[in-house]
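Asker:
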Amino acid sequence: MTTPTQPPPAPMPAPDPSRTSFPAAADPAPGRIRTPGALGALYRLVLRHQLTRGRLVLFGVILTICTILGWLIGRDNVSRVSDAVDVVSAFGLGLIVPVVALVLGSAALGNWVEDETLVYVWLRPVARSRLALAAVAAAATVAVPITVVSLGLMAALGSGGDADALLGTVIGTTLGSLAYVSVFVALGLLVKRALLWGLVYVFIWEFFIARAGDGAARLSINSYASSLLADYSDQSIRLADRGLTASYVVLLAVSWVALAFTTWRLQRASVA
Amino acid sequence: MTIDSTPPPPPPPPSEGAAGAAVADGAAGAVPPPPPTGAPVAGPPPTRPALLVPPTATVVVDNVSKAFGSLVAVSEVSFAIEPGVTALLGPNGAGKSTLLRVLCGLTPPTTGRILIGGGDPRTDAGARARVGLVPQQDGIFERDTVYQFVHLAAVLAGVGDPQAAARAALNAVELDPGLERPLGAFSKGMRQRAKIAAALVHQPPVLVLDEPLNGLDPKQRRQMISLFHRLGDEGRTVLVSSHVLEEVERFGTRVLVLAKGRLAAEGDFRAIRELMNDQPLTYRIGCSDPRTVAAELISEGLVAGCELTEGGGLEITTADAVGFRRRLPAICSTAGIRLEELTPLDADLESVFRYLVGP
Numbered sequence: 001m002t003t004p005t006q007p008p009p010a011p012m013p014a015p016d017p018s019r020t021s022f023p024a025a026a027d028p029a030p031g032r033i034r035t036p037g038a039l040g041a042l043y044r045l046v047l048r049h050q051l052t053r054g055r056l057v058l059f060g061v062i063l064t065i066c067t068i069l070g071w072l073i074g075r076d077n078v079s080r081v082s083d084a085v086d087v088v089s090a091f092g093l094g095l096i097v098p099v100v101a102l103v104l105g106s107a108a109l110g111n112w113v114e115d116e117t118l119v120y121v122w123l124r125p126v127a128r129s130r131l132a133l134a135a136v137a138a139a140a141t142v143a144v145p146i147t148v149v150s151l152g153l154m155a156a157l158g159s160g161g162d163a164d165a166l167l168g169t170v171i172g173t174t175l176g177s178l179a180y181v182s183v184f185v186a187l188g189l190l191v192k193r194a195l196l197w198g199l200v201y202v203f204i205w206e207f208f209i210a211r212a213g214d215g216a217a218r219l220s221i222n223s224y225a226s227s228l229l230a231d232y233s234d235q236s237i238r239l240a241d242r243g244l245t246a247s248y249v250v251l252l253a254v255s256w257v258a259l260a261f262t263t264w265r266l267q268r269a270s271v272a
Numbered sequence: 001m002t003i004d005s006t007p008p009p010p011p012p013p014p015s016e017g018a019a020g021a022a023v024a025d026g027a028a029g030a031v032p033p034p035p036p037t038g039a040p041v042a043g044p045p046p047t048r049p050a051l052l053v054p055p056t057a058t059v060v061v062d063n064v065s066k067a068f069g070s071l072v073a074v075s076e077v078s079f080a081i082e083p084g085v086t087a088l089l090g091p092n093g094a095g096k097s098t099l100l101r102v103l104c105g106l107t108p109p110t111t112g113r114i115l116i117g118g119g120d121p122r123t124d125a126g127a128r129a130r131v132g133l134v135p136q137q138d139g140i141f142e143r144d145t146v147y148q149f150v151h152l153a154a155v156l157a158g159v160g161d162p163q164a165a166a167r168a169a170l171n172a173v174e175l176d177p178g179l180e181r182p183l184g185a186f187s188k189g190m191r192q193r194a195k196i197a198a199a200l201v202h203q204p205p206v207l208v209l210d211e212p213l214n215g216l217d218p219k220q221r222r223q224m225i226s227l228f229h230r231l232g233d234e235g236r237t238v239l240v241s242s243h244v245l246e247e248v249e250r251f252g253t254r255v256l257v258l259a260k261g262r263l264a265a266e267g268d269f270r271a272i273r274e275l276m277n278d279q280p281l282t283y284r285i286g287c288s289d290p291r292t293v294a295a296e297l298i299s300e301g302l303v304a305g306c307e308l309t310e311g312g313g314l315e316i317t318t319a320d321a322v323g324f325r326r327r328l329p330a331i332c333s334t335a336g337i338r339l340e341e342l343t344p345l346d347a348d349l350e351s352v353f354r355y356l357v358g359p
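Protein sequence lines correspond, in order, to chains Z and V.
Be aware that the first sequence starts at 1, since it is given in the numbering used here, and climbs by one per residue.
Be aware that the second sequence starts at 1, since it is given in the numbering used here, and climbs by one per residue.
1. Starting from D164(Z) and walking both ways along the alpha helix (DSSP H), at which residues does that stretch end?
2. Let's see if you can read the secondary structure: which residues bound the alpha helix (DSSP H) around P98(Z)?
3. For R325(V) versus S288(V), is the C-beta spacing smaller than 8 Å?
4. Leaving aside the five residues before and after V81(Z) along the sequence, list all residues of the same chain whose C-beta is less than 6 Å from its C-beta, in chain order.
5. Would T117(Z) pass as an interface residue toward chain V - the criterion being a Cβ-Cβ separation below 8 Å?
6. How close, in whole Å, do the beta carbons of T58(V) and G117(V) come, if the pair is a contact with beta carbons under 8 Å?
7. Please identify the residue among F261(Z), D234(Z), W205(Z), Q235(Z) whose C-alpha is closest to the C-alpha of N222(Z).
8. Would D241(Z) pass as a contact of A230(Z) if the rule is Cβ separation under 8 Å?
9. Buried or exposed, going by whether 16 or more other CB atoms sit within 10 Å of the CB of S79(Z)?
10. With distance defined between alpha-carbon atoms, name the residue in V99(Z), Y248(Z), S255(Z), A140(Z) nearest to V61(Z).
11. Check whether the Cβ atoms of A80(V) and V240(V) lie closer than 8 Å to each other.
12. So for R181(V), helix, strand or coil by DSSP?
13. Let me confirm a value: G31(Z) is counted as buried when at least 16 other C-beta atoms fall within 10 Å, else exposed. Which label applies?
14. Beta-carbon of T107(V) versus every beta-carbon of chain Z: anything under 8 Å?
15. Using a Cβ distance threshold of 8 Å, determine whether the segment 155-162 of chain V contacts the segment 56-73 of chain Z, with at least three qualifying pairs required.
16. What three-state label does DSSP hand G126(V) in the structure shown?
17. With a threshold of 8 Å between beta-carbons, can P218(V) be considered close to chain Z, or not?
18. Anyone know if the C-beta pair for G198(Z) and S255(Z) falls short of 8 Å?
19. Between the beta-carbon of R270(V) and the beta-carbon of L345(V), is there less than 8 Å?
20. Express the C-alpha separation of T282(V) and S129(Z) in angstroms, rounding to a whole number.
21. Against chain Z, does V64(V) count as a neighbour if the rule is that its beta carbon must be under 8 Å from one of theirs?
22. Please classify D144(V) as buried or exposed, where buried requires at least 16 neighbouring CB atoms within 10 angstroms.
23. Sort out for me which residues DSSP pairs K96(V) with in a bridge.
24. For the candidate residues V208(V), L256(V), G95(V), whose alpha-carbon lies nearest to that of P121(V)?
25. On a CA-only basis, which of A84(Z), L239(Z), L45(Z), K192(Z) is nearest L153(Z)? Give me that one, please.
26. What number of angstroms, rounded off, separates the C-alpha of G40(Z) from the C-alpha of D268(V)?
27. Kindly say whether G37(Z), judged by its beta-carbon, lies nearer than 8 Å to any beta-carbon of chain V.
28. Taking all protein chains shown into account, do 16 or more other C-beta atoms lie within 10 angstroms of the C-beta of K195(V), making it buried, or fewer, making it exposed?
29. Check whether the Cβ of V254(Z) lies closer than 8 Å to any Cβ atom in chain V.
30. In terms of DSSP beta bridges, what is F68(V) paired with?
31. Hey, E296(V) and A335(V): beta-carbon distance below 8 Å or not?
32. Can you check whether the C-beta of L103(V) is within less than 8 Å of a C-beta belonging to chain Z?
33. Just to confirm, are V257(V) and T237(V) a CB contact at a threshold of 8 Å?
34. I want to verify the contact list: residues of chain V whose CB lies under 9 Å from the CB of R48(Z), in sequence order.
35. Am I right that G168(Z) and L93(Z) are in contact with their C-beta atoms under 8 Å? What's the rounded C-beta distance?
36. Determine the direct distance from the alpha carbon of A186(Z) to that of Q136(V), and round the result to whole angstroms.
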């Protein structure tokens, strides 16, 4: 018997290796677990769950609509670069990018919360930051190509192949998608029915309120993504004059803060 | 080991065979705690006796409560468990799943603390690595194959050879690693086994299973119970929850009984059953001459009441279950009566809880 003043429990006895039916595991020292393949495994897991048949159909429809819009704009030979940039900004960056990012980002971790499968990854000795990073990276891996190809086709067809408009579209779409995906991954972890709340945010805030005036536009991801498009294409877009550096900084900062918030949220989550 | 979170009521005289069980506060009766076998987790607070932790304890739950708003799901629960199979018994809604979630670090306790191998699983990755959990819910990565599912668990646990570990774990639960069907197409029993394989894949010293036999057929149940015993015999701590009394009897003898969020009793299952013998119990007797048996039992003062049932049987209530069970065969034999059935009608789980926590 030990004395009453001795603190905590005795070390955990490891299973007797000679009696185990499987290879005996080393008893890990607290806080010293190495999981070298965890980030890649989590990334592939999220990625596998991103591509459903319904989403592929949705992305096909988006690609078709963007192609048709670009072709229609391109038929006008007078101001087609300006028109193409306007449509890419308003419809592409203002609607297509956030909706695609919402569908993918909110589901990345949100679906696991809803179907109670998060426990299978949460309980493992993996840093929460890796789980958050894997979710954002996997969602962005799908969202960025979908939106860049769709909006790139729209810009290329609409502007008659204007290289600056295309470059601005690619950069604005990439960084805009990344920022939106990061925000919506966090949203998926934060609220139930994240898709619904995300749609409210996209349509009410980004699509209407943020276009009402400069003050609200400064709090809109779309404004900074459109600023990149405006700067690179050398076109003027309403409420999109944030400056090149500020746009890069804000979009990357939003992505980073959302990622950090997701990590923080995972650390404090109550998992079902 | 025994935990008393509040001063216990004056103990009634313990019955035979009850020494291995302790009924905690809130119960209908209590027995004196056995002598200390280990050290307290910490200096005992003035209002609460110290939790006695055996040196070989692998899981320590120290005065843990969990509330969701005004709803207290788990209240001041303390225990320490050692390697081997321990059953967590309780009716639906008793707080078993909440307690297991807190124990694994999935949700923080409102008060108290958990130690697994000396670490808090909520904040210590090393402590989490010691645990394998089979959660109660059906949710599973439905698009993955069973091998992908278990292999992922191995990689995330940092197992050196995840392929070999995944195959070994799947073999242990008798699932073919080569199955190409997605988990969504699996039967409930196969999913359950996949979850057990994922929990086992990193060879955790502590295995926590929340109602693991749900959805399994009788043969699979036998196999799983056998597996749990084997793991316990290997020196692992296996904590299995259930609301089915018959299952718990087969899990092993060590039980924790949770009722209304409180630890109602802990110790040897058979001892807890024996404690019930001090309470009026009802039995059904099937025999060739129930009237004569009833008359004999009444004349010997062994029963408090009896009733002839429509099917020709006899139901009796006795406050002296031990004496009744000892005398009944002799009475039948002396009178030349064939005894066909003796069924305790109170030995269901609800009866156990009624007894332990009162009406």
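C-beta atoms are modelled at their ideal positions from N, C-alpha and C, and glycine is treated no differently.
Keep in mind that this is a model prediction, so the values were computed, not measured.
Answerer: Walking through what the data contain:
1. Along the first sequence, read from residue 1 onward, the residue named residue 164(Z) stands at position 164. Counting along the chain, the alpha helix (DSSP H) containing D164(Z) begins and ends at 163-190.
2. Position 98 of the first sequence, counting from 1, holds the residue named residue 98(Z). Where P98(Z) is concerned, the enclosing alpha helix (DSSP H) stretches over 97-114.
3. Position 325 of the second sequence, counting from 1, holds the residue named residue 325(V). Position 288 of the second sequence, counting from 1, holds the residue named residue 288(V). In this structure, S288(V) does not lie closer than 8 Å to R325(V) by Cβ.
4. As a position in the first sequence, residue 81(Z) is number 81, starting the count at 1. S159, D162, A165, listed in sequence order.
5. Here residue 117(Z) refers to the residue found at position 117 when the first sequence is read from its first residue. Taking Cβ atoms only, chain V reaches closer than 8 Å to T117(Z), which makes this a yes.
6. Numbered from its first residue, the second sequence carries residue 58(V) at position 58. Numbered from its first residue, the second sequence carries residue 117(V) at position 117. Confirmed, Cβ separation roughly 6 Å.
7. As a position in the first sequence, residue 222(Z) is number 222, starting the count at 1. When each option's Cα is compared against that of N222(Z), the closest is W205(Z).
8. Walking along the first sequence from the start, residue 241(Z) turns up at place 241. Walking along the first sequence from the start, residue 230(Z) turns up at place 230. The answer is yes: Cβ separation under 8 Å.
9. Residue 79(Z) sits at position 79 when you count from the first residue of the first sequence. Looking at its Cβ environment, which holds fewer than 16 other Cβ atoms inside 10 Å, S79(Z) is exposed.
10. For this step, residue 61(Z) is matched to residue 61 along the first sequence. V61(Z) has its Cα closest to that of V99(Z), out of V99(Z), Y248(Z), S255(Z), A140(Z).
11. The sequence position of residue 80(V) within the second sequence is 80, counting from 1. The sequence position of residue 240(V) within the second sequence is 240, counting from 1. No; because the gap between Cβ atoms is not below 8 Å, this pair is not in contact.
12. Numbered from 1 along the second sequence, position 181 holds the residue referred to as residue 181(V). Note: R181(V) maps to coil in three-state DSSP.
13. As a working note, residue 31(Z) is residue 31 in the first sequence. With a pLDDT of only 46 at G31(Z), under the threshold of 50, the placement of this residue in the model should not be trusted; the figure read from the coordinates follows. By the 10 Å Cβ count, G31(Z) comes out exposed.
14. Taking the first residue of the second sequence as position 1, residue 107(V) is located at position 107. Judged by the 8 Å Cβ criterion, T107(V) is in contact with chain Z.
15. no
16. Your numbering for residue 126(V) matches position 126 in the second sequence. Note: G126(V) maps to helix in three-state DSSP.
17. For this step, residue 218(V) is matched to residue 218 along the second sequence. Not an interface residue.
18. Against the first sequence, residue 198(Z) aligns to sequence position 198. Against the first sequence, residue 255(Z) aligns to sequence position 255. Their beta carbons are not under 8 Å apart, which means G198(Z) does not touch S255(Z) by this criterion.
19. For this step, residue 270(V) is matched to residue 270 along the second sequence. For this step, residue 345(V) is matched to residue 345 along the second sequence. No; because the gap between Cβ atoms is not below 8 Å, this pair is not in contact.
20. Counting from 1 along the first sequence, the entry for residue 129(Z) is found at position 129. Counting from 1 along the second sequence, the entry for residue 282(V) is found at position 282. Taking the straight line joining both Cα atoms gives about 59 Å.
21. Locating residue 64(V) in the second sequence gives position 64, counting from the first residue. With 8 Å as the cut-off, V64(V) does not count as an interface residue toward chain Z.
22. For this step, residue 144(V) is matched to residue 144 along the second sequence. That one is buried.
23. The sequence position of residue 96(V) within the second sequence is 96, counting from 1. Answer is none; K96(V) lacks a bridge partner.
24. The residue labelled residue 121(V) in the question sits at position 121 within the second sequence. Among V208(V), L256(V), G95(V), the Cα nearest to that of P121(V) is on V208(V).
25. Position 153 of the first sequence, counted from the first residue, corresponds to residue 153(Z). For L153(Z), the nearest C-alpha among the options comes from A84(Z).
26. Here the question's residue 40(Z) lines up with position 40 in the first sequence. Here the question's residue 268(V) lines up with position 268 in the second sequence. Rounded to whole angstroms, G40(Z) to D268(V) spans 46 Å at the Cα level.
27. For this step, residue 37(Z) is matched to residue 37 along the first sequence. G37(Z) counts as touching chain V.
28. Residue 195(V) sits at position 195 when you count from the first residue of the second sequence. Under this definition K195(V) is a buried residue.
29. In the first sequence, counting from the first residue as 1, residue 254(Z) sits at position 254. Answer no: the Cβ-Cβ gap between V254(Z) and chain V never drops below 8 Å.
30. The count along the second sequence starts at 1 and reaches residue 68(V) at position 68. Looking at the DSSP assignment, F68(V) forms a beta bridge with L71(V).
31. The residue given as residue 296(V) occupies position 296 in the second sequence. The residue given as residue 335(V) occupies position 335 in the second sequence. Against a cut-off of 8 Å, the Cβ pair of A335(V) and E296(V) comes out as a contact.
32. Residue numbering aside, residue 103(V) sits at position 103 when the second sequence is read from its first letter. Closer than 8 Å: no.
33. To locate residue 257(V), count along the second sequence from 1; it is residue 257. To locate residue 237(V), count along the second sequence from 1; it is residue 237. For V257(V) and T237(V), no; Cβs fall outside 8 Å.
34. Counted from its first residue, the first sequence places residue 48(Z) at position 48. Those are F141, R143, D144, Q148, listed as they occur along chain V.
35. Stepping through the first sequence from its first residue, residue 168(Z) is reached at position 168. Stepping through the first sequence from its first residue, residue 93(Z) is reached at position 93. 10 Å between Cβ atoms; not a contact.
36. Reading the second sequence from its first residue, position 136 is the one you call residue 136(V). Reading the first sequence from its first residue, position 186 is the one you call residue 186(Z). If you take the alpha carbons of Q136(V) and A186(Z), they lie about 26 Å apart.
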